[in-house]
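*Asks:* In my numbering, the protein residues as written are 2 to 229.
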Ligand code: SAM
């Protein structure tokens, strides 16, 4: 069936502060027939806050492959779905890409609303050049990690990474090793939340800062590109 209306809306949700949701996102969540959610409890909390009552269906990395065909079939029969993740924009280090690809392959329409994502505020708050940047998501934990870091050390564009609190110091130590002591980095923690913090400095100063305390919360690391 050919349709001109989107069958799937990708809907960004807050990365911390519940007020960071657009009027249009709320409107789409109210109108959709079903909301596909990475974690139905997390999204249920958001929906309750905005007094939206909709059927929720779980859609996460452990079931996305096996649920794809059924979801497409239902969209072909006219169901309109909204996809949300736990935080930020679905598809950005979150499930979404596979579903979007299948929906498009099936000749159906998708729409993606602009909205919250953690990488952009961290990039802007770093004060590093924003005209060009690369987003690497989470670095691989083992295989290919060193090779990638060596390659990134030569990158002239600003680099944005997602990082977990317990790996931050290890990653900073490796940035120091591969990029040199004086490379500027900016670490944004708990963006939009009560304990939000951005520390920017040389990798050595940043290491000293974060080695001093227990690191908690969610983290985006921004690395200044190699100077020409
Ligand atoms: N889809 C999300 C987005 O659009 O940013 C990213 C999801 S990914 C599974 C989660 C990671 O995003 C966290 O480990 C952290 O690196 C980053 N992140 C999410 N919320 C954040 C916040 N409030 N402050 C800092 N980093 C955040």
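For glycine and all other residues, C-beta sits at the position ideal for the given N, C-alpha and C. Note that this is a predicted model, so its numbers are computed, not measured.
Since I believe residue 185 is in contact with residue 136 (beta carbons under 8 Å), could you give me their beta-carbon distance rounded to a whole number of angstroms?
*Replies:* The residue given as residue 136 occupies position 135 in the chain shown. The residue given as residue 185 occupies position 184 in the chain shown. No, residue 136 and residue 185 are not in contact; Cβ-Cβ is about 18 Å, not under 8 Å.
*Asks:* So, at 6 Å on beta carbons, what are the nonlocal neighbours of residue 198 in its own chain, with the 5 sequence-adjacent residues on each side left out?
*Replies:* Here the question's residue 198 lines up with position 197 in the chain shown. For residue 198, where only same-chain residues beyond five positions count, the Cβ hits under 6 Å are 190.
*Asks:* Between which two residues does the beta strand (DSSP E) holding residue 162 run?
*Replies:* Locating residue 162 in the chain shown gives position 161, where the first residue counts as 1. Here the beta strand (DSSP E) through residue 162 covers 159 to 164.
*Asks:* Ordered along the chain, which non-local residues of its own chain (more than five positions away) have a Cβ less than 8 Å from that of residue 27?
*Replies:* Here the question's residue 27 lines up with position 26 in the chain shown. Cβ within range, chain order: 51 and 53.
*Asks:* Answer yes or no: the CB of residue 164 versus the heavy atoms of the ligand ATP, is any distance below 7 Å?
*Replies:* Absence of the ligand ATP from the depicted structure is noted, with the ligand SAM being the only ligands included.
*Asks:* So does residue 191 have its beta carbon nearer than 7 Å to some heavy atom of the ligand SAM?
*Replies:* As a working mapping, residue 191 is identified with position 190 in the chain shown. Residue 191: yes, Cβ under 7 Å from the ligand SAM.
*Asks:* Mind checking whether the beta-carbon of residue 93 lies closer than 7 Å to any heavy atom of the ligand SAM?
*Replies:* In the chain shown, the residue the question calls residue 93 occupies position 92. Correct: residue 93 has its Cβ closer than 7 Å to the ligand SAM.
*Asks:* Run through DSSP, which three-state label would residue 218 get?
*Replies:* Counted from its first residue, the chain shown places residue 218 at position 217. Reduced to three states, the DSSP call for residue 218 is coil.
*Asks:* Return yes when at least one heavy atom of the ligand SAM lies under 7 Å from the C-beta of residue 127, else no.
*Replies:* As a position in the chain shown, residue 127 is number 126, starting the count at 1. Result no, Cβ not under 7 Å from the ligand SAM.
*Asks:* Relative to the alpha-carbon of residue 11, which residue among 60, 157 and 164 has its alpha-carbon at the smallest distance?
*Replies:* The sequence position of residue 11 within the chain shown is 10, counting from 1. Taking only the C-alpha atoms, the option nearest residue 11 is 60.
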